[in-house]
Amino acid sequence: MNAPHQNPPTLSDGVVHWLTSGTRDERFIDNIFAQMCIRLQQAGIPLKRSTMHIRIQHPQWLGAGFMWSDGMREAKITRVDFDVIERSEFIGSPISEMMDGATELREKLEGDPSLGRKHALYDEMRAKGLTDYVVWPLHHTLGKRHFITFATDRPGGFDDAHIAALKNVLPVLALVSEIRIKNRLARTLLETYVGAHAGELILAGATRRGTGTTVRAAIMICDLRDFTKISDNWPRDDVIDLLNDYFDAMSEPIARHGGEILKFIGDGLLAIFPLSQPDACANLLHAVSEARGAMAALNERNRSSARAPLNYGIGVHVGDVMYGNIGSSSRLDFTVIGPAVNMASRLEALTKQLGRNVLLSRDFAEQVEPKFELEHVGKYEVRGFSDPIELFAYPG
Numbered sequence: 186m187n188a189p190h191q192n193p194p195t196l197s198d199g200v201v202h203w204l205t206s207g208t209r210d211e212r213f214i215d216n217i218f219a220q221m222c223i224r225l226q227q228a229g230i231p232l233k234r235s236t237m238h239i240r241i242q243h244p245q246w247l248g249a250g251f252m253w254s255d256g257m258r259e260a261k262i263t264r265v266d267f268d269v270i271e272r273s274e275f276i277g278s279p280i281s282e283m284m285d286g287a288t289e290l291r292e293k294l295e296g297d298p299s300l301g302r303k304h305a306l307y308d309e310m311r312a313k314g315l316t317d318y319v320v321w322p323l324h325h326t327l328g329k330r331h332f333i334t335f336a337t338d339r340p341g342g343f344d345d346a347h348i349a350a351l352k353n354v355l356p357v358l359a360l361v362s363e364i365r366i367k368n369r370l371a372r373t374l375l376e377t378y379v380g381a382h383a384g385e386l387i388l389a390g391a392t393r394r395g396t397g398t399t400v401r402a403a404i405m406i407c408d409l410r411d412f413t414k415i416s417d418n419w420p421r422d423d424v425i426d427l428l429n430d431y432f433d434a435m436s437e438p439i440a441r442h443g444g445e446i447l448k449f450i451g452d453g454l455l456a457i458f459p460l461s462q463p464d465a466c467a468n469l470l471h472a473v474s475e476a477r478g479a480m481a482a483l484n485e486r487n488r489s490s491a492r493a494p495l496n497y498g499i500g501v502h503v504g505d506v507m508y509g510n511i512g513s514s515s516r517l518d519f520t521v522i523g524p525a526v527n528m529a530s531r532l533e534a535l536t537k538q539l540g541r542n543v544l545l546s547r548d549f550a551e552q553v554e555p556k557f558e559l560e561h562v563g564k565y566e567v568r569g570f571s572d573p574i575e576l577f578a579y580p581g
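For this note's numbering, count along the sequence shown from 1 and bump the result up by 185.
Shown next, in the form of structure tokens:
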């Protein structure tokens, strides 16, 4: 009976075993990558520099790069934006060749530079004394390819045993990296579509319909004025650009000051500032002030292209909200509900009627006076509430 075929041993067998069995408790691929490079050195492979390039699904970034060089304990992480493929740093680079379908790229750097590949990266590596450089794809499931590079300063470059050992690592590294990248992708998608805090809760297992917690929070609801008219008269792409610019102006200050945007509803948004955070109500007004400035800057840009200025209304209240899963048996929404949310929505609707951009309830105003100068507007009937509500405007 023939013995089962075994691959010949390589210098990296111990590293492969570690990747398989020793990384189970490591959450981040950049830490695994850096430790792998160090272990490859310790195994006798003259590794001087290594990079890993991954494509990610993210609203702002095309991908990320991890770079390790001799002496580093941690990898340096670089985010890559979508415009990179149009820049000289990418055009003609090793990664662009690999993305065009190459299955291996190797460049001996000791030879005459005029005879080698032409790109600034090769010149930089020669200047650092590197002698050999190789790039391979990391194959993930469903045809996805990421890339890894290795370089050495050993005279003569990598020998055949070194190359065999590095290739030996690739299949296991592909499996280990795919698990971490998909975990990160799940987190990123949840942060993108439901917010960071809700995403953490969902990943922690808060997925059962009807489950939730009561949270005391400041609630902010914002709405764009005359959007129906705009959407009826503007070209579709211009409407999308307008909405994105408007949401950027409103959302970035909210995130900066600790608020959480729970949803975009057409041309409106719902955000909360949990009172578990110090100065949550004050932070909400700081966010409103910054958003007001960002909207003014946006309107100035719109004016230069002959577009009418954008107007908005913001309603703010504070109270207890139910925070959790609501929906059908197969489609859930992680959101907040309760009378406090309804109140904020009614106040936002009143902003147009009363000619104010920002209306605050008495309950909220009491949380921020006298730190902020507020304008007393009076008591008004609010649909769905039996007693008139005392309102304040925030001019700041």
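Note that CB positions come from ideal geometry on N, CA and C, so glycine has one too.
Just so we're clear, the structure is a prediction, and the values are computed from it rather than from any experiment.
Is the separation between the beta-carbon of residue 208 and that of residue 350 shorter than 8 angstroms? no
In or out: residue 425 buried (at least 16 other Cβ within 10 Å) or exposed? exposed
What are the uninterrupted segments assigned as beta strand (DSSP E) that are 3 or more residues long and contained completely in the stretch 479-552, given in chain order? 497-512, 517-522, 543-546
Is the beta carbon of residue 553 less than 8 angstroms from the beta carbon of residue 467? yes
For residue 355, the nearest candidate out of 433, 319, 421 (CA to CA): 319
Mind the definition here: the stretch 324-331 touches the stretch 230-243 only if three or more C-beta pairs lie below 8 angstroms; say whether that holds. yes
Since I believe residue 206 is in contact with residue 353 (beta carbons under 8 angstroms), could you give me their beta-carbon distance rounded to a whole number of angstroms? Their Cβ separation, rounded to whole angstroms, is 16 angstroms, which puts residue 353 and residue 206 out of contact at 8 angstroms.
Inside the stretch 291-349 only - beta strand (DSSP E) runs reaching at least 3 residues: 317-324, 330-337
When you compare each of 506, 335, 502 to residue 218 by their alpha carbons, which one comes out closest? 335
Please report the straight-line C-alpha distance between residue 509 and residue 450, rounded to a whole angstrom. 18 angstroms
Apply the 10 Å Cβ neighbour rule to residue 445 and answer buried if 16 or more other Cβ atoms are within range, or exposed otherwise. buried
Count the other CB atoms, across all protein chains shown, that sit within 10 Å of the CB of residue 638; report buried if there are 16 or more and exposed otherwise. Outside the modelled stretch of the chain, which goes from 186 to 581, sits residue 638, for which no answer is possible.
CB residue 543 to CB residue 565, shorter than 8 angstroms? no
Check whether residue 278 and residue 243 have beta carbons under 8 angstroms apart: no
Contact check, residue 403 vs residue 343, beta carbons under 8 angstroms: no
Just verifying my parser: in three-state terms, what is the DSSP assignment at residue 247? strand
Does the beta-carbon distance from residue 480 to residue 434 come in below 8 angstroms? yes
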